[in-house]
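The working numbering numbers the first residue of the sequence shown as 340 and each following residue consecutively.
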Amino acid sequence: MILDKKIILVTGGNGLLGKSYIEDIHKKGGIAINLDISHKTNIDLNQIQLDITDDKSINNMIQLVMDTYGRIDGLVNNAYPRTKDWGNAFEDIIPESFSKNVDMQLSRVFAISKPVLEIMKNQKFGSLVHIASVYGVVGNDFTVYDNTPLTSPAAYSAIKGGLINFSRYIASYFGKYNVRSNCVSPGGIFDNQNEIFVKQYEYKVPMKRMGTANDIAPPVSFLLSEEAKYITGQNLIVDGGWTAI
340 MILDKKIILV
350 TGGNGLLGKS
360 YIEDIHKKGG
370 IAINLDISHK
380 TNIDLNQIQL
390 DITDDKSINN
400 MIQLVMDTYG
410 RIDGLVNNAY
420 PRTKDWGNAF
430 EDIIPESFSK
440 NVDMQLSRVF
450 AISKPVLEIM
460 KNQKFGSLVH
470 IASVYGVVGN
480 DFTVYDNTPL
490 TSPAAYSAIK
500 GGLINFSRYI
510 ASYFGKYNVR
520 SNCVSPGGIF
530 DNQNEIFVKQ
540 YEYKVPMKRM
550 GTANDIAPPV
560 SFLLSEEAKY
570 ITGQNLIVDG
580 GWTAI
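Below is the structure:
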């Protein structure tokens with residue numbers, strides 16, 4: 340029970356990965372607050388409607404959590420808002436779309452982290468885990484998309500790479516307050532994608548399979564826990580060996 344009674348916010352908790360984080364936090368004794376735009380607020384169920392792109396929504400959420408629990412032990416920055424043209428080929432991306440996606444993802448991590456960090460600073464404890472990606476660490480292998488309509492959006496690499504170094508900034512700035520900041524960078528996660536893509540991806544990865552949400556959740560819980568109490572500013576890559584070759 341490494342997360343015994345810890346109050347942990349999870350943005351985008353209704354998504355494939357978010358659900359797994361919440362389940363694993365509960366399994367390990369924590370209290371996960373599911374922050375998602377797609378459900379209504381019910382604090383008895385530990386779920387709060389949150390629009391990550393709206394400052395008022397963020398402030399209202401934090402006030403409700405503090406009124407209910409009096410502290411915030413952890414934050415998992417997992418929400419993944421994006422424009423409708425997300426996934427366009429590089430040649431078809433317009434600058435306004437690139438900028439909007441950077442703002443909705445990277446800038447909003449700052450927007451929710453800042454007030455949470457102020458609380459943790461005063462508490463003298465807390466842990467942030469940001470969900471990054473292997474494509475924030477290494478360049479893209481576009482051969483896995485051959486003969487499919489899929490690609491990796493240009494903004495994705497910029498956002499995830501920026502997130503990893505922003506996490507290091509937080510670790511450096513808030514370390515003296517016993518507040519930690521780390522990233523988890525998943526490799527490709529299976530989500531019923533195009534069969535050709537899956538086959539090509541699995542051929543490339545040393546462990547010969549795509550990851551699952553259950554592969555990513557335990558490392559997130561570990562970094563939130565006291566078992567990682569002297570780990571900060573790190574990027575834990577969970578990718579089946581993708582970045583090893």
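Each residue gets a CB set at the ideal place from its N, CA and C atoms; glycine is no exception. Because the structure is a prediction, the values reported are computed rather than measured.
Is there at least one Cβ from chain B nearer than 8 angstroms to Ala552's Cβ? Given the protein chain composition of this structure (a single chain), no chain B is represented.
Contacts around Trp581, its chain only, beta-carbon distance under 6 angstroms, and the 5 residues preceding and following it disregarded: Around Trp581: Val473, Gly526, Val544.
For Lys344 and Ile370, believed in contact at Cβ under 8 angstroms, the rounded distance: By a beta-carbon distance limit of 8 angstroms, Ile370 contacts Lys344. Their separation comes to about 7 angstroms.
Using 8 angstroms as the cut-off, can you tell me whether the stretch 386-401 makes contact with the stretch 452-468, which would need three or more C-beta pairs spanning the two stretches below that distance? With the cut-off at 8 angstroms, the stretch 386-401 and the stretch 452-468 touch.
Distance, Val559 Cα to Ala450 Cα: Cα to Cα, the separation comes out at about 21 angstroms.
Roughly how many angstroms lie between the CA atoms of Leu575 and Asp383, to the nearest whole one? Approximately 33 angstroms, taken between the alpha carbons.
Reduced DSSP category for Ala556 - H, G, I as helix; E, B as strand; rest coil: Looking at Ala556 - three-state DSSP - the assignment turns out to be helix.
Return the first residue and the last residue of the beta strand (DSSP E) that Val455 is part of. That residue, Val455, is in no beta strand (DSSP E); its alpha helix (DSSP H) goes 447-462.
Quick one: residues in its chain with C-beta nearer than 8 angstroms to the C-beta of Ala428, no 5 flanking neighbours on either side, listed in chain order? Correct list, in chain order: Thr490.
For the beta strand (DSSP E) containing Thr350, name the first residue and the last one. Residues 346-350.
Determine the direct distance from the alpha carbon of Val523 to that of Val477, and round the result to whole angstroms. Distance between the alpha carbons of Val477 and Val523: 14 angstroms.
If I measure Cβ to Cβ from Arg548 and keep anything under 7 angstroms in the same chain, skipping five residues before and after, which residues do I get? Counting only Cβ-Cβ distances below 7 angstroms, and skipping sequence neighbours, we find Glu541, Gly579.
Would you check if the stretch 372-392 and the stretch 415-435 touch, i.e. whether three or more CB-CB distances between them fall below 8 angstroms? The stretch 415-435 vs the stretch 372-392: in contact.
Enumerate in chain order the residues of its own chain whose CB-to-CB distance from Gly500 is below 6 angstroms, with the five nearest sequence positions on each side excluded. Excluding sequence neighbours, Gly500 sits near Gly475.
Find the nearest neighbour of Asp393 within the set Arg447, Glu534, Met405, judged by alpha-carbon distance. Measuring from the Cα of Asp393, the nearest candidate turns out to be Arg447.
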